[in-house]
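Undergrad: Dropping the structure in here first, questions after.
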Amino acid sequence: MLPTYCEYFGLTREPFNVTPDPSFFYVSASHKEALERLVYGIKARRGFVLLTGEVGTGKTTVIHCLLQELNDGHAHSAFIFNLIASPTDLLRSVCQEFALIHPAENQKEIHDYLTLLSRFLLESYRNGDNVALIIDEAQNLSAEVLESVRLLSNFETAQDKLLQILLVGQPELGARLNTPELRQLKQRVVLRHHLSPLSLAECKEYIAKRLEIVGGKSSLFTDLAIEAVHTYSTGIPRLINILCDNGLLAAYTLRKKSVEVAMIGEIAQNLQLSGVPWVWSGKLNPMLSNLARKSPIAVGEPVYTKPKETSPEQPKESKFHSMDADVERQAKANIKHFFAKVGPDSQSPKSDEPKSTDKPFHFPQRSNSVREPVVTKPKETSPRRPKKSKPDSVDQADVEREAKSNAKPPFAQAEPRSEPATGNGPKSTDKPFHYLPESDASTAAESGSGNVPSRFFDRMIYALTEAIGPMASLIVPDQVAAMGESIEAFPKQRLGQLVDETSREISAEALKSRFQRLMRAEIHAINGGQDKK
Numbered sequence: 000m001l002p003t004y005c006e007y008f009g010l011t012r013e014p015f016n017v018t019p020d021p022s023f024f025y026v027s028a029s030h031k032e033a034l035e036r037l038v039y040g041i042k043a044r045r046g047f048v049l050l051t052g053e054v055g056t057g058k059t060t061v062i063h064c065l066l067q068e069l070n071d072g073h074a075h076s077a078f079i080f081n082l083i084a085s086p087t088d089l090l091r092s093v094c095q096e097f098a099l100i101h102p103a104e105n106q107k108e109i110h111d112y113l114t115l116l117s118r119f120l121l122e123s124y125r126n127g128d129n130v131a132l133i134i135d136e137a138q139n140l141s142a143e144v145l146e147s148v149r150l151l152s153n154f155e156t157a158q159d160k161l162l163q164i165l166l167v168g169q170p171e172l173g174a175r176l177n178t179p180e181l182r183q184l185k186q187r188v189v190l191r192h193h194l195s196p197l198s199l200a201e202c203k204e205y206i207a208k209r210l211e212i213v214g215g216k217s218s219l220f221t222d223l224a225i226e227a228v229h230t231y232s233t234g235i236p237r238l239i240n241i242l243c244d245n246g247l248l249a250a251y252t253l254r255k256k257s258v259e260v261a262m263i264g265e266i267a268q269n270l271q272l273s274g275v276p277w278v279w280s281g282k283l284n285p286m287l288s289n290l291a292r293k294s295p296i297a298v299g300e301p302v303y304t305k306p307k308e309t310s311p312e313q314p315k316e317s318k319f320h321s322m323d324a325d326v327e328r329q330a331k332a333n334i335k336h337f338f339a340k341v342g343p344d345s346q347s348p349k350s351d352e353p354k355s356t357d358k359p360f361h362f363p364q365r366s367n368s369v370r371e372p373v374v375t376k377p378k379e380t381s382p383r384r385p386k387k388s389k390p391d392s393v394d395q396a397d398v399e400r401e402a403k404s405n406a407k408p409p410f411a412q413a414e415p416r417s418e419p420a421t422g423n424g425p426k427s428t429d430k431p432f433h434y435l436p437e438s439d440a441s442t443a444a445e446s447g448s449g450n451v452p453s454r455f456f457d458r459m460i461y462a463l464t465e466a467i468g469p470m471a472s473l474i475v476p477d478q479v480a481a482m483g484e485s486i487e488a489f490p491k492q493r494l495g496q497l498v499d500e501t502s503r504e505i506s507a508e509a510l511k512s513r514f515q516r517l518m519r520a521e522i523h524a525i526n527g528g529q530d531k532k
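In numbering that gives the first Met the number 0, the protein residues as written are 0 to 532.
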């Protein structure tokens, strides 16, 4: 049954439901990049892929869109979102999702599950099918279970991974992978992406698209109301949906034609949304460890109280306290900015609408002190040492000479050799730039070795990244391996073929031509100024 406000505003269904519906998927810059990376990582059989994001940023929605992309008849996927307590539960869940066992069957031994899974992966590989395992809320898995997930990646052939694994979780997942006990798992992650909150412009597009899908108009929300939604939600899609859904309900209750800024402010106050983003620091702050065990309040949630009047002097604030205070002050400044735009007549109802009896909305004034543990230094018994006085004057010429003498150029500054002009066309303005220092470049050019210096490939990856993005670091090694060569012993006579094969990955002709010119210049420099055909 549709909510009452849907009929009032002429909407076909709820536009701001919090369920992960792929039909409402909004392709922000961060979400688009995430989906492209995940599809590439799985279809190219990269093995381990990692997706992280704050609560409510749309990770589950991206996963559902990924499952649709993989539903092409040549892929098998398993989506596990339940809590896994042990390695046996993990293998049992994986076999159930791939329909290798019946849910009612008795529990088997780990060896039996591994045998079933191995046969299934090999058969799928022979048929040209890809197999993907997606594990949501992976930050809640124990180290033992995560190690079992890593062992599943050992199903492979000499060329390809048989099982592609996608770990999805909150930012704590990335912090856990940095621990020594999970360093082996971290080294196997070949692609990772972190979902970012929506900007103000993306928030406006997000709301407009959802309203358009259900037959509504973007004018249902005033510009100031959208700014308030973005400020209070901090760009988190789930919070945007909650605020907008309540806003439409409030407008319907007051018989308004659109959602106004005061409604959003009152809703955010009732939901206790301060507009201050919760930033994960990668680990629990030591000062909050005791508070987290004794208090039911979530770690990271600010608690406000009056300052103590008994202490004669205020203790110094810790860095943690100062960071949160700065973020909150910035959020309050943003809120006051658009509330200042609201004049006394902007909230008055039109003549054909009933006058609202609501009191004007006021942004709640909070105490400046935060009930957080603070760090105070013990009183010093010995007098402080006086600070070193700065020199009255500094010779600028001496400073510049010292900076020039210590500076080391990151790249060689060798000038390109002049080449005879061919034809009457315009000369290229691209100069060859070398990733090797001058000494290494000259040594590589003068040596009789027929192999390419390894730093040439760093330069190649750098140039390819300018053309196609971060996938370049994966494509270059793949092309080298496809030619049956290795980066450590790649023959110079095959550089031209490598450049031609790699440039096919670039769709834009202008970028492709630039990449080929730069690489030809690099090959020319490596060959000592003599082109080898």
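The beta-carbon is built from N, C-alpha and C at its ideal position, and this holds for glycine as well.
Using 7 Å as the cut-off, classify the Cβ of Phe154 as near or not near the heavy atoms of the ligand MN, replying yes or no.
TA: Looking at this structure, you won't find the ligand MN or any other ligand, since it has none at all.
Undergrad: Who are the near neighbours of Ser257 in its chain, counting only those whose CB is closer than 8 Å to its CB and skipping five residues on each side?
TA: Residue mapping note: residue 257 aligns to position 258 of the sequence shown, counting from 1. If we look at Ser257 and ignore the five residues flanking it on each side, its Cβ neighbours are Ser218, Leu219, Phe220, Thr221, Ala224, Ala250.
Undergrad: Mind reading off the beta-carbon distance from Leu247 to Tyr4? Whole number of angstroms is fine, and I expect it under 8 Å.
TA: In the sequence shown, residue 247 corresponds to position 248, counting from 1. In the sequence shown, residue 4 corresponds to position 5, counting from 1. Rounded, the Cβ-Cβ distance is 5 Å, consistent with contact.
Undergrad: Which value, in whole angstroms, describes the spacing of the CA atoms of Pro431 and Glu521?
TA: Locating residue 431 in the sequence shown gives position 432, where the first residue counts as 1. Locating residue 521 in the sequence shown gives position 522, where the first residue counts as 1. Per-residue confidence for Pro431 stands at a pLDDT of 43, beneath the threshold of 50, marking its modelled position as unreliable; no derived number is given.
Undergrad: Check Ile133 in the structure and name its three-state DSSP category.
TA: Looking up residue 133 in the sequence shown gives position 134. Of the three classes helix, strand and coil, the one that applies to Ile133 here is strand, per DSSP.
Undergrad: I'd like the list of long-range same chain contacts for Glu155, defined as Cβ closer than 7 Å, with 5 residues on each side in sequence excluded.
TA: On the sequence shown, position 156 is the one that residue 155 refers to. Same-chain partners within the cutoff: Leu161.
Undergrad: Taking the beta carbon of Ser117 as the centre, do at least 16 other beta carbons fall within 10 Å, making it buried, or is it exposed?
TA: Taking the first residue of the sequence shown as position 1, residue 117 is located at position 118. It counts as exposed.
Undergrad: Using CA atoms only, rank isn't needed, just tell me which of Leu34, Val38, Pro236 is closest to Lys203.
TA: If you number the sequence shown from 1, residue 203 lands on position 204. Ranking the options by Cα distance to Lys203, first place goes to Pro236.
Undergrad: For the putative contact between Leu49 and Leu166, defined by C-beta atoms under 8 Å, what is the C-beta separation to the nearest angstrom?
TA: Taking the first residue of the sequence shown as position 1, residue 49 is located at position 50. Taking the first residue of the sequence shown as position 1, residue 166 is located at position 167. The pair is a contact, with the Cβ atoms about 5 Å apart (cut-off 8 Å).
Undergrad: Return the residue from the list Thr18, Lys208, Ala33 that minimises the CA-CA distance to Pro196.
TA: In the sequence shown, counting from the first residue as 1, residue 196 sits at position 197. With distances taken between Cα atoms, Pro196 lies closest to Ala33.
Undergrad: Between which two residues does the beta strand (DSSP E) harbouring Ser147 extend?
TA: For the purposes of this step, residue 147 is taken as residue 148 along the sequence shown, with counting starting at 1. Element bounds for Ser147: not the beta strand (DSSP E) but the alpha helix (DSSP H), 142-151.
Undergrad: Just the C-alpha distance for Phe23 and Ser273, rounded to the nearest angstrom, thanks.
TA: Locating residue 23 in the sequence shown gives position 24, where the first residue counts as 1. Locating residue 273 in the sequence shown gives position 274, where the first residue counts as 1. Cα to Cα, the separation comes out at about 27 Å.
Undergrad: Since Ala103 sits in a beta bridge, which residues does DSSP pair it with?
TA: Locating residue 103 in the sequence shown gives position 104, counting from the first residue. None; Ala103 has no bridge partner.
Undergrad: Is there contact between the stretch 33-45 and the stretch 8-21, where contact requires at least three CB pairs shorter than 8 Å?
TA: No, the stretch 33-45 is not in contact with the stretch 8-21.
Undergrad: Quick one, are the C-beta atoms of Asn129 and His63 less than 8 Å apart?
TA: Here residue 129 corresponds to residue number 130 of the sequence shown, with the count starting at 1. Here residue 63 corresponds to residue number 64 of the sequence shown, with the count starting at 1. Against a cut-off of 8 Å, the Cβ pair of His63 and Asn129 comes out as no contact.
Undergrad: When burial is assigned at 16 or more other CB atoms within 10 Å of the CB, is Lys255 buried or exposed?
TA: Walking along the sequence shown from the start, residue 255 turns up at place 256. That one is buried.
Undergrad: Starting from the Cα of Ala507, find the closest Cα among Glu465, Ala142, Met482 and give me that residue.
TA: Here residue 507 corresponds to residue number 508 of the sequence shown, with the count starting at 1. Checking every option, the nearest Cα to that of Ala507 belongs to Glu465.
Undergrad: Ignore the nearest five residues each way along the sequence and tell me which others in Val534's own chain have a CB closer than 8 Å to its CB.
TA: This structure cannot speak to residue 534, because the chain is shown only from 0 to 532.
Undergrad: Do you know offhand how far Glu31's Cα is from Thr252's?
TA: Within the sequence shown, numbered from 1, the residue matching residue 31 stands at position 32. Within the sequence shown, numbered from 1, the residue matching residue 252 stands at position 253. Checking the sequence shown, residue 31 turns out to be Lys, not Glu. In a straight line, the C-alpha of Lys31 is about 37 Å away from that of Thr252.
Undergrad: I need the straight-line Cα distance from Gly215 to Leu194, nearest angstrom please.
TA: As a position in the sequence shown, residue 215 is number 216, starting the count at 1. As a position in the sequence shown, residue 194 is number 195, starting the count at 1. Taking the straight line joining both Cα atoms gives about 28 Å.
Undergrad: Helix, strand or coil for Pro14 per DSSP?
TA: Here residue 14 is taken as the residue at index 15 of the sequence shown, counted from 1. Here Pro14 sits in coil by DSSP.
Undergrad: In whole angstroms, give me the CA-to-CA distance for Asn540 and Gln183.
TA: Since the first residue shown for the chain is 0 and the last is 532, residue 540 is missing from the structure and cannot be characterised.
Undergrad: Going by other Cβ atoms of all chains shown within 10 Å of its Cβ, with 16 needed for buried, is Glu53 buried or exposed?
TA: Working through the sequence shown from its first residue, we reach residue 53 at position 54. Per the 10 Å Cβ criterion, buried.
Undergrad: Excluding sequence positions up to five away, which residues of its chain have a Cβ less than 8 Å from the Cβ of Ser485?
TA: Your numbering for residue 485 matches position 486 in the sequence shown. For Ser485, where only same-chain residues beyond five positions count, the Cβ hits under 8 Å are Val479.
Undergrad: Considering only the alpha carbon of each residue, which of Ile460, Arg149, Asp244 lies closest to Glu180?
TA: Mapped onto the sequence shown, residue 180 falls at position 181. Residue Arg149 is the option with its Cα nearest to Glu180.
Undergrad: What would DSSP say about Asn70, mapped onto helix, strand or coil?
TA: On the sequence shown, position 71 is the one that residue 70 refers to. The answer is coil: DSSP assigns Asn70 none of H, G, I, E or B.
Undergrad: Taking the DSSP output, what are the residues bridged to Asn450?
TA: On the sequence shown, position 451 is the one that residue 450 refers to. Asn450 is bridged to Pro490.
Undergrad: Starting from Leu197, follow the alpha helix (DSSP H) in both directions and report where the run begins and ends.
TA: Mapped onto the sequence shown, residue 197 falls at position 198. Element bounds for Leu197: n/a, residue is neither H nor E.
Undergrad: Three-state secondary structure (DSSP) at Gln496?
TA: As a first step, residue 496 is located in the sequence shown; it is residue number 497 there, counting from the start. Gln496: helix per DSSP, three-state reduction.
Undergrad: Kindly indicate which residue of His75, Ser76, Val475, Glu108 has the alpha-carbon position closest to the one of Arg91.
TA: As a position in the sequence shown, residue 91 is number 92, starting the count at 1. Cα-wise, what sits closest to Arg91 is Glu108.
Undergrad: Write down the C-beta distance between Thr51 and Gly168 rounded to the nearest angstrom, noting that I regard them as a contact closer than 8 Å.
TA: Counting from 1 along the sequence shown, the entry for residue 51 is found at position 52. Counting from 1 along the sequence shown, the entry for residue 168 is found at position 169. 6 Å between Cβ atoms; contact.
Undergrad: Measuring alpha carbon to alpha carbon, tell me which of Ala28, Asp88, Phe97 ends up nearest Phe78.
TA: Your numbering for residue 78 matches position 79 in the sequence shown. Answer by Cα proximity: Phe97.
Undergrad: Of the residues Val38, Asp88, Ala84, which one's Cα is nearest the Cα of Asn70?
TA: Position 71 of the sequence shown holds residue 70. Residue Val38 is the option with its Cα nearest to Asn70.
Undergrad: Here's the rule: buried if 16 or more other CB atoms are within 10 angstroms of the residue's CB, otherwise exposed. What is Arg458?
TA: Here residue 458 is taken as the residue at index 459 of the sequence shown, counted from 1. Arg458 should be labelled buried.
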